[in-house]
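Undergrad: In the UniProt record's numbering, the protein residues as written are 1 to 372.
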């Protein structure tokens, strides 16, 4: 039936993207391990940590759950046939559900605001030199600490002001089942608007960076009468567009999911689309750094840096694709983490890569947990 094809398709896409994202984070970690002495990469470290956590979480328990709880029963959706309910009554209490909602909230908000911090770092380098002191090697740790405290505060407030939720194993989404712990609809709306606005702010800041770089390059070209390649400038803007686009696509998909009450094929497909976009967001930074950053590629072992990416063949078993993406994403994240560790003496002095380190770790853990 067409419903089985759709369900299998989204499972394959989800698993394939998750695997690929984890692989990207692994490769990126490999580069950062070798060159983590630059303060810039301190930001990258945190971003890597965040992405790793999220992707590992998806790879380990979530992939199994997505397969088991699909609305159609078939040999493909019953590969993993058991679910634990030992702590069901304990889990259903309001405050325990709120605590677990924090775990669901931290990866997304961490991704958004660590990406914003990376953008501010680039603004300090190219546009606003007055911001550079907060990204020096002695102060980057404090900048990251403030960023994480802000992320945790937003997550805590979000959980307090939104209705009590419970994960529906059939529709694969959180559903409102009770009143919020604290009734503050205005605060809830403010937090939601800020989350939707930040990707546009990131894109706008990158546009300013791109314009400033182009202006400086034109001045330099006129003074030296040389013809420089603008590919790097355009790549910076393209990366920003891709990152902001996928963040907003995830926001749109989550909104669309809330308007669908059907627990059948449509609701399942929308929920899986949100999961696919979520995995993509946590894999995209590692992928971009590995394929566009010559410094990161130079920190990788020779075999990794020469690895070719072959296109995936068309398959009718979409669940297999889901698993492939999940595993590939996990491996990529771990390779990236190894790279960061191997290059810690060289790139550890760049504050930017401390942010990347944090985000990549988050992605790696998320992917590994999801694979398991």
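Idealized CB from N, CA, C, for every residue including glycine.
(1) Checking 7 Å against the spacing of the C-beta atoms, do residue 47 and residue 359 come in under that value?
(2) Using the three-state DSSP reduction, which class does residue 43 fall into: helix, strand or coil?
(3) Just checking, does the stretch 107 to 127 make contact with the stretch 205 to 217 on the three C-beta pairs under 8 Å criterion?
(4) What did DSSP end up calling residue 292 once you bin it into helix, strand or coil?
(5) Do you know how far the Cα of residue 248 is from the Cα of residue 192?
(6) Output yes or no for whether 7 Å exceeds the beta carbon distance between residue 26 and residue 333.
(7) Would the beta-carbon of residue 287 fall within 7 Å of that of residue 235?
(8) By the three-class DSSP mapping on this structure, what secondary structure does residue 109 have?
(9) Take the Cβ of residue 162 as the centre, count every other Cβ of all protein chains shown within 10 Å, and call the residue buried at 16 or more, exposed below.
(10) Does the stretch 102 to 113 touch the stretch 272 to 289, meaning 3 or more C-beta pairs lie closer than 8 Å?
(11) List the residues that DSSP assigns as beta-bridge partners of residue 353.
(12) Taking Cβ to Cβ, would you say residue 125 is nearer than 7 Å to residue 357?
(13) Residues in the same chain with beta-carbon distance under 7 Å from residue 188, minus the five sequence neighbours each way, listed in chain order, please.
(14) Pull up the distance between the alpha-carbon of residue 243 and that of residue 42, whole angstroms please.
(15) With the cut-off set at 7 Å, would you say residue 54 and residue 282 are in Cβ contact?
(16) Is it buried or exposed, residue 362, if we count other Cβ atoms within 10 angstroms and call 16 or more buried?
(17) Strictly under 7 Å for the Cβ-Cβ distance: is residue 244 near chain B by that measure?
(18) Check the DSSP bridge columns for residue 23 and list the partner residues they point to.
(19) Report the rounded CA-to-CA distance for residue 340 versus residue 245, giving the unit in angstroms.
(20) Look up residue 215 in the DSSP assignment and say whether it is helix, strand or coil.
(21) DSSP on residue 136, reduced to helix/strand/coil?
(22) Using a threshold of 7 Å, state whether the C-beta atoms of residue 257 and residue 270 are closer than that.
TA: Here's the rundown:
(1) Locating residue 47 in the chain shown gives position 47, where the first residue counts as 1. Locating residue 359 in the chain shown gives position 359, where the first residue counts as 1. Contact flag set, yes.
(2) Within the chain shown, the letter at position 43 stands for residue 43. Three-state result, residue 43: strand.
(3) yes
(4) Indexing the chain shown from 1 puts residue 292 at position 292. Correct three-state label for residue 292: helix.
(5) Here residue 192 is taken as the residue at index 192 of the chain shown, counted from 1. Here residue 248 is taken as the residue at index 248 of the chain shown, counted from 1. Rounded to whole angstroms, residue 192 to residue 248 spans 12 Å at the Cα level.
(6) Reading the chain shown from its first residue, position 26 is the one you call residue 26. Reading the chain shown from its first residue, position 333 is the one you call residue 333. Yes, they are a contact pair.
(7) On the chain shown, residue 287 is found 287 positions in, with the first residue counted as 1. On the chain shown, residue 235 is found 235 positions in, with the first residue counted as 1. Taking 7 Å as the Cβ cut-off, residue 287 and residue 235 do not qualify as a contacting pair.
(8) Along the chain shown, one-based indexing puts residue 109 at 109. In this structure, residue 109 counts as helix in the three-state DSSP scheme.
(9) Counting from 1 along the chain shown, the entry for residue 162 is found at position 162. Counting Cβ neighbours within 10 Å, residue 162 comes out buried, since at least 16 surround it.
(10) yes
(11) Here residue 353 corresponds to residue number 353 of the chain shown, with the count starting at 1. Residue 353 is bridged to 43.
(12) Taking the chain shown and counting its residues from 1, one reaches residue 125 at position 125. Taking the chain shown and counting its residues from 1, one reaches residue 357 at position 357. Cβ distance not < 7 Å, so residue 125 and residue 357 don't count as in contact.
(13) In the chain shown, counting from the first residue as 1, residue 188 sits at position 188. So the list reads 161 and 162, once near-sequence residues are dropped.
(14) As a first step, residue 243 must be located in the chain shown, where it is residue number 243. As a first step, residue 42 must be located in the chain shown, where it is residue number 42. Spanning the two alpha carbons is a distance of roughly 20 Å.
(15) The residue you call residue 54 lines up with position 54 of the chain shown. The residue you call residue 282 lines up with position 282 of the chain shown. In this structure, residue 54 lies near residue 282, with their beta-carbon atoms less than 7 Å apart.
(16) Walking along the chain shown from the start, residue 362 turns up at place 362. Counting Cβ neighbours within 10 Å, residue 362 comes out buried, since at least 16 surround it.
(17) Within the model displayed, chain B is absent; a lone protein chain is all it includes.
(18) Looking up residue 23 in the chain shown gives position 23. Answer is 333.
(19) The count along the chain shown starts at 1 and reaches residue 340 at position 340. The count along the chain shown starts at 1 and reaches residue 245 at position 245. If I take the Cα positions, the gap works out to 26 Å.
(20) Here residue 215 refers to the residue found at position 215 of the chain shown. Three-state DSSP puts residue 215 in a helix.
(21) If you number the chain shown from 1, residue 136 lands on position 136. The answer is coil: DSSP assigns residue 136 none of H, G, I, E or B.
(22) Taking the chain shown and counting its residues from 1, the one referred to as residue 257 is at position 257. Taking the chain shown and counting its residues from 1, the one referred to as residue 270 is at position 270. Going by C-beta atoms, residue 257 is nearer than 7 Å to residue 270.
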